[in-house]
Structures are given as C-alpha cells and as structure tokens.
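Novice: Chains as they are written, first to last, in my numbering: chain D, 31 to 311; chain S, -5 to 126. By construction, the Cβ of each residue, glycine as well, lies at the ideal position given by its N, Cα and C atoms. Can you keep this structure in mind? I'll have questions shortly.
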C-alpha cells in the first residue's frame, strides 16, 4: 500500500495547522491515500486543544514576551509548547484496514510506529496502558503532564503526546515527540502566573522526558524523521512516497490560514466568522 | 446488542433524528456515546443558524479525541438543549431522549428518505462492530 509522505518542514503555527486541516478536509471529499507529515514550528508556538480556554490555560502575556505564537488545533487534548519537538500528522480513513475502527486502536498502531523509530535511537518507549495520574493538579493544562492511553513513556516519563480529530470517516492524529525539553519555559508559558513555577517545573521534569535526555547527546531532527518514517513503513508494511499538497489542498490551506488559523477569534476564543468548523457569534 | 428506538431515523455518522411535522430533533445514538466514552465538552450551533445535511452541526470532545457531529438533515436551528450544556453527562446516560442536542426546522423533508430506520441502523452498527 502506498501512502503520501510530506517531508519535514519548519513552518509557522498557522500554516502548519492549515495544512493538516486542508489535507483532512480534502480526504473527506475525495478518496485519497493516507498521508504522513513531519514538521516543526518557527517561530516557537503554543498549540491549544480544540476546546481549551486560551486565557485560562496559557500565559498569553508570557507568550507575547517570548515571541511565541498561539494557535488553536483542530484536534483535542491539552496545550503543547512546540519549540524543541518534532510534530507528526497522520491523516487516513477510519476504514483503512491497517487501523482498527475503535478509536484507541488507532492511537495504539501509530504509537507503535513511533516507538519503533525511537527504538532505533536506543530509546525503549512503552505504550501507556490505562493512563497515569497527573503529578500536580496545577499542571493539568499542559499536554505532557498528563498521558492518556497508548501514549509513549520512557521509564514512566512521557515522551510523545497525541490527539485526534474525527469526522465523516476520516481521522487526523497529531503527535508531538519531544526532542529536547525545557520545563521552566514550559511552565512559564503554559501555566497561569500564580504558583511556584520552580516547584512546578521540577514536578514536570519528573514526569516528562525527551530524546536528548534519553540519548545524552543531540540527535538531528532529520535523523529522527528518518527512523520514524522507516518504522511506519516496516510496521505497517506500506511504502511512503514523497509528495506535496495538491492544488485543492494548497488553495484550501490558504483559505484556512486567512479565515481561521491567523484569526485571533479562532485562536483566542475558538470561534470563526464564517464557513469554518466553528460557528460565528 | 443495543436496541435503537423505532420512532427515530439514523444516519451513518451515528446521529438520530426524531421528526414531528417540519421539526427534526437531533442527537447521537447510544452506540456512538458508548464508542466515544465519557463526553467532556460540547459545542452546538446557535438558534437561527443554518445547518446543512451531511455537514457538522457541532463538535464534542471525549478522552479519545474531538469528533464532529454530522447532521442528518438541513434546516434552521430553532432550539438547542441547554440542559446538556449544564450537565453534559446526560448525553452518555440518556442519548436517545433527554440527551437530544438541537431541533431544526427542516428545509427539505425529502432528505429523510435517505436515512436509515432502526432495523437498517442496527444492521449497519452490527457490521461496524464486527470489524472492531
């Protein structure tokens, strides 16, 4: 089976989200092969889960001070700081025989592919079975503080978080693999100003890890992409063929960027003016 | 296996519709709520907005992800169930009745002809569950 592979790019938050949603919407409309994309974020950005309340979950002032963009994802879950991570997006049909129709089964399949890639780097990541308790209630807004089922842990510390959107038989799964981790900056950007951030950062450090932490040296993003791509091909018995966006996806991406992802109303309030997936006021 | 009320019609996206004249009340099925697990958040359209058949009329989040709710029919929203906004657990506990989501004034009642009756929906779900 052939899948489209969109190779690693470093883009801004708004374009990254618009690309993923454009692929997802086009996949709903046409019978296209599954797609995997790897990317990172420039400038660094915070992405919020679909239903999160921006002002409650993110320190907006601190993000502005650090020139960190804020974007709302189409997928669920918690807030993520994208500065030293590798993000993947998988877009496919729920009916693809490689993915069990039950929702958690899809997380499990994709997590096993990511774990296979990490294993090539010498990192033995395990899938979280039943969820792990949050180390501190005050950390609950931050994605990496609270693993859900089938997310990846190394020695009980989370290394990869993921979230999904499903509609009309298609799913989009986002995953963020930590290449490096800065608990202090994560706390400064993702948590409210009150509270002892040094203490919170220590707790977060105790529950989160990164590729750098585990390997002990820097690993290039290109190398990480390479091993994870190979693992997807091997575990799913697929061929990933390099491709780019179709004309329709490109045009929808531009529309989504201007109408939705570059729109403060969407990012700060979760609303768009017209034709988006959320309703206007 | 679950029993699906025979006074409802269903689409393949696991939404049900109860028809009273030109009014269509919409919710998600018991099968859907069980598959999604505990529902944590919901977003519904506002009264007077227009919903298209086979397009999202709302969004829900469970611990498993975010899911768009796909409307079985087109029409103008005339009522939204405020009770589920206050107590979202109703969707899980009573999806076919008090867990209803919106009522539309249908713009084309012929769209109902394309929906499944309870027996057809039961067979559809059975097939889907078998491949799970």
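1. 8 Å is my cut-off, CB to CB: does residue 194 (chain D) come that close to chain S?
2. Check the Cβ of residue 26 (chain S) against every Cβ in chain D and list those closer than 8 Å, keeping chain order.
3. Between residue 119 (chain D) and residue 77 (chain D), is the Cβ-Cβ spacing less than 8 Å?
4. With residue 38 (chain S) and residue 100 (chain S) assumed to form a contact (beta carbons below 8 Å), what rounded beta-carbon distance in angstroms separates them?
5. Taking residue 286 (chain D) as the reference, which of D:294, D:62 and D:52 has the closest Cα?
6. Return helix, strand or coil for residue 39 (chain D), following the three-state DSSP convention.
7. Give a yes or no on whether 8 Å exceeds the smallest Cβ distance from residue 162 (chain D) to chain S.
8. Would you mind telling me which residues of chain S sit closer than 9 Å to residue 106 (chain D), beta carbon to beta carbon, in chain order?
9. List, in order along the chain, the chain S residues whose C-beta lies closer than 7 Å to that of residue 81 (chain D)?
10. Please classify residue 107 (chain S) as buried or exposed, where buried requires at least 16 other C-beta atoms within 10 Å of its C-beta.
11. I want to verify the contact list: residues of chain S whose CB lies under 7 Å from the CB of residue 142 (chain D), in sequence order.
12. How would you label residue 100 (chain D), buried or exposed, when you count the other beta carbons within 10 angstroms and need 16 or more for buried?
13. With residue 49 (chain D) and residue 283 (chain D) assumed to form a contact (beta carbons below 8 Å), what rounded beta-carbon distance in angstroms separates them?
14. By the DSSP assignment, the alpha helix (DSSP H) with residue 90 (chain D) in it spans what residues?
15. Going by Cα to Cα distance, which pick from D:95, D:103 and D:71 is closest to residue 301 (chain D)?
16. Determine the closest residue to residue 151 (chain D) out of D:241, D:43 and D:263, with distance taken between C-alpha atoms.
17. Unbroken beta strand (DSSP E) runs of length 3 or more, entirely within the segment 261 to 311 of chain D: which are they?
18. Could you check the C-alpha separation between residue 113 (chain S) and residue 56 (chain D) for me, to the nearest Å?
19. Which complete alpha helix (DSSP H) runs does the segment 72 to 158 of chain D hold, if anything under 4 residues is left out?
20. Going along chain S in order, which residues have a C-beta closer than 8 Å to the C-beta of residue 198 (chain D)?
21. Residues bridged to residue 187 (chain D) by DSSP?
22. In three-state DSSP terms, what is residue 246 (chain D)?
23. Who are the Cβ neighbours of residue 87 (chain S) in its own chain at under 8 Å, not counting the five residues just before and after it?
24. Residues in its own chain within less than 8 Å of residue 2 (chain S) by CB, not counting five upstream and five downstream?
25. Taking the continuous alpha helix (DSSP H) assigned at residue 61 (chain S), which residues delimit it?
26. For a contact meaning CB atoms closer than 8 Å, what does residue 49 (chain D) contact in chain S?
27. Mind checking if residue 306 (chain D) is an interface residue toward chain S, Cβ cutoff 8 Å exclusive?
28. For residue 68 (chain D), write down the residues that DSSP places opposite it in a beta bridge.
29. Is it true that the CB of residue 22 (chain S) sits closer than 8 Å to the CB of residue 35 (chain S)?
30. On the criterion of 16 or more Cβ atoms from any shown chain inside 10 Å, does residue 310 (chain D) qualify as buried, or is it exposed?
31. How about residue 268 (chain D): is its C-beta nearer than 8 Å to some C-beta of chain S?
Specialist: Based on what the coordinates show:
1. Under the 8 Å criterion on CB atoms, residue 194 (chain D) is classed as interfacial with respect to chain S.
2. By Cβ distance, chain D contributes nothing, its closest Cβ being about 11 Å from residue 26 (chain S), past 8 Å.
3. Contact annotation: residue 119 (chain D) and residue 77 (chain D) have beta-carbon atoms that are not nearer than 8 Å.
4. Rounded to whole angstroms, the Cβ separation of residue 38 (chain S) and residue 100 (chain S) is 18 Å, and the two are not in contact under 8 Å.
5. Checked all of D:294, D:62 and D:52; the closest Cα to residue 286 (chain D) is D:52.
6. Secondary structure at residue 39 (chain D): strand, using DSSP grouped into helix, strand and coil.
7. With a pLDDT of only 49 at residue 162 (chain D), under the threshold of 50, the placement of this residue in the model should not be trusted; the figure read from the coordinates follows. No, because no Cβ of chain S sits closer than 8 Å to the Cβ of residue 162 (chain D).
8. Proximity of chain S to residue 106 (chain D) at the Cβ level (cut-off 9 Å) is accounted for by 34, 35, 55, 56, 57, 58, 59, 60 and 61, in chain order.
9. Chain-ordered, the chain S residues with CB closer than 7 Å to the CB of residue 81 (chain D) read 35 and 55.
10. The residue is exposed, with fewer than 16 neighbouring Cβ atoms inside 10 Å.
11. Scanning chain S for C-beta atoms nearer than 7 Å to the C-beta of residue 142 (chain D) yields nothing, as the closest lies near 17 Å away.
12. Buried, since its Cβ has 16 or more Cβ neighbours within 10 Å.
13. Right, their Cβ atoms sit about 5 Å apart.
14. It spans 90 to 95 - the alpha helix (DSSP H) in which residue 90 (chain D) sits, taken as one unbroken run.
15. Among D:95, D:103 and D:71, the Cα nearest to that of residue 301 (chain D) belongs to D:103.
16. Per the Cα distances, D:241.
17. The segment 261 to 311 of chain D contains these whole beta strand (DSSP E) runs: 269 to 272.
18. So the two alpha carbons sit approximately 32 Å from each other.
19. List check, alpha helix (DSSP H) in window: 84 to 87, 90 to 95 and 133 to 150.
20. Listed along the chain, the chain S residues whose CB falls inside 8 Å of the CB of residue 198 (chain D) are 7, 48, 62 and 64.
21. Checking the DSSP bridge columns, you'll see residue 187 (chain D) partnered with D:184.
22. In the three-state reduction of the DSSP assignment, residue 246 (chain D) falls in the coil class, being assigned neither a helical nor a strand state.
23. The beta carbon of residue 87 (chain S) is closer than 8 Å to those of 93 in its chain, skipping five residues each way along the sequence.
24. Beyond the five residues adjoining it in sequence on each side, residue 2 (chain S) comes within less than 8 Å, by CB distance, of 10, 11, 12, 90 and 112 in the same chain, given in chain order.
25. Per DSSP, residue 61 (chain S) is not a residue of any alpha helix (DSSP H); the beta strand (DSSP E) it occupies stretches across 59 to 64.
26. Per Cβ cutoff of 8 Å: no residues; residue 49 (chain D) is ~18 Å from chain S at best.
27. Legend: pLDDT at residue 306 (chain D) = 44, less than 50; position of this residue unreliable, value from coordinates given subsequently. Taking Cβ atoms only, chain S never reaches closer than 8 Å to residue 306 (chain D), which makes this a no.
28. In the DSSP output, where bridge partners are listed per residue, residue 68 (chain D) has D:118.
29. The beta carbons of residue 35 (chain S) and residue 22 (chain S) sit no closer together than 8 Å.
30. With a pLDDT of only 35 at residue 310 (chain D), under 50, the local geometry of the prediction cannot be trusted, and no value is derived from it.
31. Taking Cβ atoms only, chain S never reaches closer than 8 Å to residue 268 (chain D), which makes this a no.
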